[in-house]
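Engineer:
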Amino acid sequence: MRKGWRSPLKEKPLRNPGQSLDEYIQNLLDVEINSYLVVALTALVLAFYEWYRWYTDVGYHPVALTIIAVLAVLYSAWKIRRLMVKVNRLKQGRDGEKIVGQYLDNLKASGYRVFHDIVCDDFNIDHVVICEHGLFTIETKTYSKPGSGSSAVVVKGDQITVNGFTTEKIVHQAKAEADWLRQLLLETTGETHPIRPVVLFPEWYVNSSQANRDIWVLNPKALPTFIANTPKLLSKQQVMQATYSVSRYIRTT
């Protein structure tokens, strides 16, 4: 921008679903993977140059440099392959966040406020829904399914079992996100808001008959009904205050 000029925009735009993962994926592609490509290409160029000088009979012996080049290429290929596995896994998670985010945006027709990808201290909240029924922090988990046979997410207390692996970390993560938002709103509005943590598993059947009722673990399609069946806990004024606080935080961080 020219000296003496400034942007007419006073605030940052709101964030999109999966934006943090998009940025992380792009960083992996631009920085880490490209760095290994440069290493491999440089080693090959040096080896080719040495062979050229040997072929033109100027007394150089390229064998040692060729061995180094081959090792550099093999190492770079191994690292790139590992990084691409990570990138593909991140892309699946990003796409899950985007699909859930687009689905949640349909709730705006009912007057709900929906925010995406709220960046906190050392984590992010995938989505937040604000309405008269309360506030809902939403964590999206997009796990691969087995190639055949039935598959389900099983919830028992704080334990979630997916593909035979059981963990409590998902529930603890979701609760921590709700606690963070509760503290933010307490600091900005002076009120303690009812916030329910939610974990969504896109395209999974969720068996949550024994779930901890302090947290919802659901297929995304079940969420609107769960919210609608919750008693109204906030006034319209409280909804506006919470919406302003969350929007303001996103735009100023």
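This note's numbering numbers the first residue of the sequence shown as 65 and each following residue consecutively.
All residues carry an ideal CB built from backbone N, CA and C; glycine is no exception.
A quick note: this is a predicted structure, and the numbers were derived from the prediction, not measured.
1) Leaving out the 5 sequence neighbours to the left and right, which residues in its chain are closer than 7 Å to Val-102 when beta-carbon positions are compared?
2) Could you have a look at Pro-72 and say whether DSSP puts it in helix, strand or coil?
3) With DSSP run on the structure shown, which of helix, strand or coil describes Asp-186?
4) Leaving out five residues before and five after Asp-243 in sequence, what residues of the same chain have Cβ atoms less than 7 Å from its Cβ?
5) In the DSSP assignment, find the unbroken beta strand (DSSP E) run with Val-95 in it and report its ends.
6) Assign Leu-93 to one of two classes, buried (16 or more other C-beta atoms within 10 Å of its C-beta) or exposed (fewer than that).
7) Which residue marks the beginning of the alpha helix (DSSP H) containing Ala-315, and which one marks its end?
8) Between which two residues does the beta strand (DSSP E) containing Thr-231 stretch?
9) Helix or strand or just coil, what does DSSP make of Arg-79?
10) What does a CB cutoff of less than 7 Å around Ala-133 pick up in its chain, not counting 5 residues either side in sequence?
11) Does the beta-carbon of Leu-135 have 16 or more other beta-carbons within 10 angstroms, so that it is buried, or is it exposed?
12) Beta-carbon separation of Gly-160 and Pro-295 under 9 Å?
13) Measuring alpha carbon to alpha carbon, tell me which residue in Ser-309, Thr-201, Val-164, Val-218 is nearest Gly-39.
14) Secondary structure at Lys-285, three-state DSSP: helix, strand or coil?
15) Where does Gln-305 land, buried or exposed, given buried means 16+ other C-beta within 10 angstroms?
16) What number of angstroms, rounded off, separates the C-alpha of Arg-177 from the C-alpha of Lys-143?
17) What's the gap between the Cα of Phe-197 and the Cα of Tyr-100?
18) For a test of the three-state rule: what should DSSP assign to Glu-332, helix, strand or coil?
19) Which partner residues does Thr-201 have in the DSSP bridge list?
20) Do the CB positions of Thr-201 and Glu-241 come within less than 9 Å of each other?
21) Taking the beta strand (DSSP E) that Gly-221 falls in, what are its first and last residues?
22) Let me check understanding here. Comparing Cα to Cα, which of Asp-190, Ala-216, Glu-114, Val-235 lies closest to His-166?
23) Report the CB separation of Leu-264 from Leu-287 in whole angstroms; it is logged as a contact under 8 Å.
24) Keeping to the same chain, check which residues put their C-beta closer than 6 Å to that of Leu-298; ignore five residues upstream and five downstream.
Structural biologist: From the atom records:
1) Contacts found: none.
2) With a pLDDT of only 37 at Pro-72, under the threshold of 50, the placement of this residue in the model should not be trusted; the figure read from the coordinates follows. The answer is coil: DSSP assigns Pro-72 none of H, G, I, E or B.
3) Coil.
4) none
5) Taken as a continuous stretch (DSSP letters only), Val-95 belongs to no beta strand (DSSP E), as it is neither H nor E.
6) exposed
7) The sequence as given places Arg at residue 315; Ala does not occur at that position. 300-316 is the extent of the alpha helix (DSSP H) around Arg-315.
8) It spans 229-231 - the beta strand (DSSP E) in which Thr-231 sits, taken as one unbroken run.
9) coil
10) Ala-107, Leu-108, Leu-110, Ala-111
11) Using a 10 angstroms sphere on the CB of Leu-135, the tally of other CB atoms stays under 16, which defines it as exposed.
12) no
13) The shown model of the chain, from 65 to 317, leaves out residue 39, and the question about it has no answer.
14) helix
15) buried
16) One alpha carbon belongs to Arg-177, the other to Lys-143, and they sit about 43 Å apart.
17) Looking at the sequence itself, residue 197 is His, so the reference to Phe does not match. Pairing His-197 with Tyr-100, the inter-Cα distance amounts to about 51 Å.
18) Residue 332 is absent from the model: the chain starts at 65 and stops at 317.
19) Val-192, Pro-261
20) yes
21) 216-221
22) Residue identity differs from the one stated: residue 166 is Gln in this sequence, not His. Checked all of Asp-190, Ala-216, Glu-114, Val-235; the closest Cα to Gln-166 is Asp-190.
23) 7 Å
24) Glu-196
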